[in-house]
Amino acid sequence: MRRVPGRRRQALLGAARGIRYRGTRVQCPCCGSTFSRFLPHRGRPHARCPGCGTLERHRLLTLFLERETDLFERPGALLHIAPEYGLFRRLSAVGGLRYVSGDLEPDLAALELDLMALPFAAASFDFVICNHVLEHVDDDRRAMAEIHRVLRPGGWAILMCPVDQRRATTLEDPAVLTPGDRDRVFGQSDHARLYGRDYRDRLAAAGFSVRAEPYLDRFDERSIARHGLRREHDEAFGVEEIYLCVRQER
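Have a look at this one:
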């Protein structure tokens, strides 16, 4: 199965799991399918969609994009960094949308690119989606500046990251290099930092007008359970805000 290209591999796995977990108890907003339950992921009991593999944050974001943005309604160009399969499948099928995907090591993505030096002219995109990527990048401020550069004035970017709300400031240490040390200090072996509540200030410093939306608060408990929106059993990152970052008109 590992030799099968990424998109095809994900589709085959999803089809097999869809049969195994068929039912109507839960529904994934990304793929639109219903299942008997969501699957465990990293100790969280109801995290992963059996069909498209999306996690809680992806499903919450999909509902946000549908209900709070014009992404599905007007023509435009979208840059999707390090695309997640479920979101890739949904967004690449939107009519009238020029969908461009890229990653440092492409599997699902169409282009190989470095977020700290994007190969696009200024003001190339109306929308950018870059989720759970900036915590991996060596120079996140440079990456934020690049996202700002390629956005058109008035365009927006969704830049979600794990933010430890118990911390006032971001934890960084250039001496923490090994996977083991990074896992111990930052919470994951390939993370370069652990963001604190100042994450919003970093985005604003890059030139964005930032809206940090605790979007889960918009849903009742029945909808949360139905769509698997809450990140359970996670003290630091239990509620993830959606960071909508707008490049101001000049």
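Per numbering that gives the first Met the number 0, residue 0 is the first one in the sequence shown, and the count goes up by one each step. Ideal Cβ placement from N, Cα and C applies to all residues, glycine included. Note that this is a predicted model, so its numbers are computed, not measured.
Could you spell out the range, first to last residue, of the alpha helix (DSSP H) harbouring PHE185? 178 to 185
CB-CB under 6 Å to ALA263, same chain, minus the five flanking residues each way: which ones, in chain order? Examination of residue 263 is not possible in this model, given that the chain is present from 0 through 249 alone.
Classify PRO161: buried if its beta carbon has 16 or more other beta carbons within 10 angstroms, exposed otherwise. buried
By how many angstroms is the C-alpha of ARG230 removed from the C-alpha of LEU59? 10 Å
Got a sec? Which residues, its chain only, sit under 6 Å from PRO74 by beta carbon, not counting five neighbours each side? GLY95
Taking the continuous alpha helix (DSSP H) assigned at VAL175, which residues delimit it? Run containing VAL175: none; DSSP gives neither H nor E here.
Using a Cβ-Cβ cut-off of 6 Å (strictly less than) and excluding sequence neighbours within five positions of SER208, which residues of its own chain qualify? Same-chain partners within the cutoff: VAL245 and GLN247.
For PHE87, count neighbouring C-beta atoms within 10 Å of its own C-beta (all shown protein chains included) and say buried if the count is 16 or more, exposed if not. buried
When GLU83, THR23 and PRO39 are compared against ASN130, the one with the closest alpha-carbon: That would be GLU83, whose Cα lies nearest to the Cα of ASN130.
Would you grab the beta carbon distance between HIS135 and ALA191 for me? Rounded to a whole angstrom, and I think it's under 8 Å. 6 Å
Using a 10 Å radius around the Cβ and a threshold of 16 neighbouring Cβ atoms, would you call LEU215 buried or exposed? buried
Consult DSSP for PHE63 and reduce its assignment to one of helix, strand or coil. The answer is helix: DSSP assigns PHE63 an H, G or I state.
Nearest residue (CA-CA) to PRO49, options ALA203, PHE119, ARG181 and GLY22: The option with the nearest alpha carbon to PRO49 is GLY22.
Please name the residue in LEU133, LEU117 and ILE157 whose C-alpha comes closest to that of PHE126. Closest by alpha carbon: ILE157.
Quick check on the DSSP output: the alpha helix (DSSP H) that includes SER222 runs from which residue to which? 220 to 226
Taking just the CA atoms, how far does PRO28 sit from LEU259? The structure shown does not extend to residue 259, since the chain spans only 0 to 249, so no value can be given for it.
Indicate the three-state DSSP secondary structure (helix, strand or coil) for GLY154 in the structure shown. Strand at GLY154.
Can you tell me the Cα-Cα spacing of PRO105 and ASP219, whole angstroms? A direct Cα-Cα distance of roughly 38 Å separates PRO105 from ASP219.
Spatial neighbours of PRO39 in its chain, beta-carbon cut-off 8 Å, leaving aside the 5 residues before and after: HIS45, ALA46 and ARG47
Which stretch, first to last residue, makes up the alpha helix (DSSP H) that contains ALA204? Residues 198 to 204.
GLY52: buried (16+ other C-beta within 10 angstroms of its C-beta) or exposed? buried
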